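Working notes, beginning with the structure itself.
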Amino acid sequence: MYVPILRKMFKSENIFMERSLPSVGVIYTQLGLEVKPFDRIGDCLFSHTKINLPAELKPVKKAREIHHDFIRQGELLGRVGSQKLVAPFDGYLDFTSELKVFSEVEKKHGLLSGVWGKVEKIISNKGVLLKTNTVDIIFAQSSPVSISGEMVVFPNPLDILEEFYLDTYLKNPTGKIVYMGNYVKEDVIEKAMQLKVGGVICGSTTKRALEKAKSNGFALGIISGFGKMAVPNQVFDFLNKVSYRQVFFQGERNLLRIPVPPDDKAHSIKDMPLIKKVEAGDLVQVFQKSYFGKIGTVDRLTESSIFVKFSQDKSIGEIFVPNFFILSMT
Amino acid sequence: MPVLAAYFAFSGAYLLVETGDRKGDPYKFFSFPYRYIKSMYGDFYDELRFNDDIINLVAMEMGKKIDDYSILVVNKGDTPKITFEPKLFLSLDRIYQTTYGVNPVYISNRLVYTKTEKVEIEFNIDELSSKEGRYSASSIDQELEYLNNYDIYPQLSAIDLPTRLDFDRNIVNQYRKVGHISELWSTLLFTGSKFAEKVLDTELDYVLIMDLISKPGIYSIYKDTKNAFPLLSLRNIFYKIKEAPPFEFYSEKVGTLIKIPGPLECFVGGEGGSGQVFDVPKDDLFVIPINATSVVDLTIKSPNLEKMVERKVAGGKVGLIFNSLENDKLISGDRRLLNSCIKYFNPEGGRI
Chain Z
2 MYVPILRKMF KSENIFMERS LPSVGVIYTQ LGLEVKPFDR IGDCLFSHTK
52 INLPAELKPV KKAREIHHDF IRQGELLGRV GSQKLVAPFD GYLDFTSELK
102 VFSEVEKKHG LLSGVWGKVE KIISNKGVLL KTNTVDIIFA QSSPVSISGE
152 MVVFPNPLDI LEEFYLDTYL KNPTGKIVYM GNYVKEDVIE KAMQLKVGGV
202 ICGSTTKRAL EKAKSNGFAL GIISGFGKMA VPNQVFDFLN KVSYRQVFFQ
252 GERNLLRIPV PPDDKAHSIK DMPLIKKVEA GDLVQVFQKS YFGKIGTVDR
302 LTESSIFVKF SQDKSIGEIF VPNFFILSMT
Chain D
3 MPVLAAYFAF SGAYLLVETG DRKGDPYKFF SFPYRYIKSM YGDFYDELRF
53 NDDIINLVAM EMGKKIDDYS ILVVNKGDTP KITFEPKLFL SLDRIYQTTY
103 GVNPVYISNR LVYTKTEKVE IEFNIDELSS KEGRYSASSI DQELEYLNNY
153 DIYPQLSAID LPTRLDFDRN IVNQYRKVGH ISELWSTLLF TGSKFAEKVL
203 DTELDYVLIM DLISKPGIYS IYKDTKNAFP LLSLRNIFYK IKEAPPFEFY
253 SEKVGTLIKI PGPLECFVGG EGGSGQVFDV PKDDLFVIPI NATSVVDLTI
303 KSPNLEKMVE RKVAGGKVGL IFNSLENDKL ISGDRRLLNS CIKYFNPEGG
353 RI
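Each protein sequence line maps, in turn, to chains Z and D. For what it's worth, the numbering used here labels the leading residue of the first sequence as 2, then goes sequentially. For what it's worth, the numbering used here labels the leading residue of the second sequence as 3, then goes sequentially.
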């Protein structure tokens, strides 16, 4: 009996990664130079926060005259009816008759390499192209968003994640890419969006959560599928090891790319057959009701089914072809 | 050089290999009920390589290499879905158009495909999961999410009876809106992943077949559990054999369906003048278990027939199936009929 292998994790060698500044600035690395993830390779001045103000806002008198005004944190921006609106940070108020925007004052934004690699090309004052190695995690489904950010891994992958965990575990969530566990509820994804988390990765969630993420341009990567489905331990263990590393969410390609050092030997490259004869002892993920989403090991085989031992509850179930896939991480 | 023929269908791959065995079976069939899924493999492993690997594994299983065979390929679309040039490629359309004597009806959860129609089946999740009373409020979300996974893993096969019935009813309802199996097609061969799945409750296959046929007529019915028909047809074309492929040796003869709405008066005559007279009431279903090698004389009278029908018919794994349901009525939509059918169609016995 031959069955496809679901390889959730594999190594990609000599791939190109672009690192760019959000606005024109200075690049101070050199062509051919070897870089490490925390090497600073450029910087620019950049306004990190912009707020679209209500159309009915009546700006302060000075701003009305010049259509552009510096306003300090706590000072009056204007009024909406009888309500006063004050500046949440130091910034500039710009407005036309239709659009009123308050932008935080520009600050220095440093660009880190984020990867172990070699500078292959420099895009003048804007960014660099680096050649690097990554371990890629494949998503079963994801929203088509591309971002990079610091990886944060929540500690217990088996817990169903409730909303309050976000506040407990995530002190500074902005821009982080958070692995949340085997199953994440829809409201947690919504809360993550509100907290401006960069992206969420999970074993499974609902289809509605994915649709919401897509419509909000929010990065959501689902490793196993919809409903309550487990993530292979090897994937969780690996993610746990790379906490706080810069990672790259490439939703259009269903990938999470995690840079690895050039001497990483723990993962094999992708170029190998992905169909295999089922054997006792193989790790499989099951897609048949009663055992849906569970991961177990093949105990014995019949002509068109396998018996799978599930370690979590010590049960054994008969699973018919094609309701399972072999899992392989090596 | 022996032939290795591969058929890449909607929900899986099916292969035929010539064994060269003159005394035993000249062909060996392989089923691989999985298909390439882009979201699973991304851009590092494409559909063509996936299909190459399937052909390679089958050759290996036969103790040979791919170069030892003349590779023939059939799939949907105009180009073969492999990386190398096969000895012969034909689209499924072309295979269907070149067949005669038998009328293939391909069925998967997503497609019904006949000589004249190609009906894409939409997956209406809300409709499939909105069966009142079947699921508790707490389990309905779980059910919904289970069904949503068919978007990611389309080859999945439900083995529980309620879900299978839901899927089959979905196929029947959508197919009947736009297509119908013609009463002129007297020999029907049901093929496709729906019948190649080795799952429980195979009697539901017969319920699906009965529900799909809405037009009155007398039909000889076969079930292609190996998806052998397109492969045998492809082989025949390769060797320029003009006869129809020997599908009856490689498929299951289900029996003969007598589909006439309204009350029926029937006579089934056996050898030596013996026979049996019986009535089938309106909106009912009745089965006489007769095996595939027995041919009997059948006479039918009905107020809905202009004249009496007399025909020689053969049985099969199920036998002679008399269906007097109105054309718009489904077996799967009537609990009493469904229960009777499951008993009638159960190959392990339990017939009334």
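In this text, a Cβ means the ideal position worked out from N, Cα and C, and glycines have one as well. No experiment lies behind these values; they were computed from the predicted model shown.
- The residues F288, Q289, in chain order, have a CB closer than 6 angstroms to that of N324/Z in the same chain once the five nearest residues on each side in sequence are set aside.
- With a cutoff of 7 angstroms on beta-carbon distance, G321/D and G257/D are scored as near each other.
- Restricting attention to beta strand (DSSP E) runs no shorter than 3 residues, the segment 55-116 of chain D encloses them at 72-77, 90-93, 105-110, 113-115, ordered along the chain.
- In the three-state DSSP reduction, S306/Z falls in the strand class (E or B).
- Put simply, the CB of K12/Z is far from chain D, with every gap to its CB atoms at 7 angstroms or more.
- Annotation: Cβ neighbours of G44/D in chain Z (cutoff 7 angstroms, chain order): I139, R254, N255, L256.
- Collapsing the DSSP output to three states places P247/D in coil.
- The C-alpha of V106/Z lies about 14 angstroms from the C-alpha of G75/Z.
- Under the 7 angstroms criterion on CB atoms, P274/Z is classed as interfacial with respect to chain D.
- Listed in chain order, the non-local C-beta contacts of I290/D below 7 angstroms within the same chain comprise V270, G321, L322, local neighbours out to five positions each way being set aside.
- Put simply, the CB of Y155/D is near chain Z, with a gap under 7 angstroms to one of its CB atoms.
- DSSP places Y177/D in the helix class (H, G or I) of the three-state scheme.
- Taking 7 angstroms as the CB threshold, V248/Z stays off the interface with chain D.
- Interface with chain D (7 angstroms Cβ-Cβ cutoff): Y3/Z is included.
- In this structure, L328/Z sits near L7/Z, with a CB-CB distance shorter than 7 angstroms.
- If you look at D281/D, you'll find it in the beta strand (DSSP E) that goes 277-282.
- In this structure, A88/Z sits near I72/Z, with a CB-CB distance shorter than 7 angstroms.
- Closest in C-alpha terms to A210/Z, from the list G199/Z, S143/Z, K266/Z, comes S143/Z.
- In this structure, the CA atom of L163/D is about 7 angstroms from the CA atom of D203/D.
- Residues of chain Z with a Cβ closer than 9 angstroms to the Cβ of I56/D are, in chain order, Y3, I276.
- Judged by their CB atoms, I97/D and P232/D are nearer to each other than the 7 angstroms cut-off.
- A residue is called buried once 16 or more other Cβ atoms fall within 10 Å of its Cβ, and Y102/D, having fewer, is exposed.
- Taking every protein chain shown into account, the CB of P260/Z has 16 or more other CB atoms within 10 angstroms, so this residue is buried.
- Around the beta carbon of N325/D, 16 or more other beta carbons sit within 10 angstroms, so the residue counts as buried.
- Taking the C-beta atoms as reference points, S205/Z is found nearer than 7 angstroms to M230/Z.
- From the listed residues R24/D, L113/D, D170/D, A230/D, the smallest Cα separation to F251/D is found for A230/D.
- Positions of the alpha helix (DSSP H) runs, each at least 4 residues long and wholly inside the segment 57-95 of chain Z, are given as 62-67 in order along the chain.
- Contacts with chain D at 7 angstroms (Cβ-Cβ) do not include G43/Z.
- Contact check between the segment 139-153 of chain D and the segment 298-315 of chain Z: fewer than three CB pairs, one atom from each, fall below 8 angstroms, which does not count as touching.
- Here DSSP, grouped into helix, strand and coil, assigns M2/Z to coil.
- With a 10 Å radius around the Cβ and a threshold of 16 neighbouring Cβ atoms, P248/D comes out exposed.
- Counting C-beta pairs with one atom in each stretch, the segment 165-172 of chain D and the segment 71-83 of chain D have fewer than three that are closer than 8 angstroms, which means they do not touch.
- Neighbours of P145/Z across chain D, judged by C-beta separation under 9 angstroms, do not exist; the nearest C-beta is about 12 angstroms away.
- Not flagged as an interface residue toward chain D: G297/Z, since no C-beta distance is shorter than 7 angstroms.
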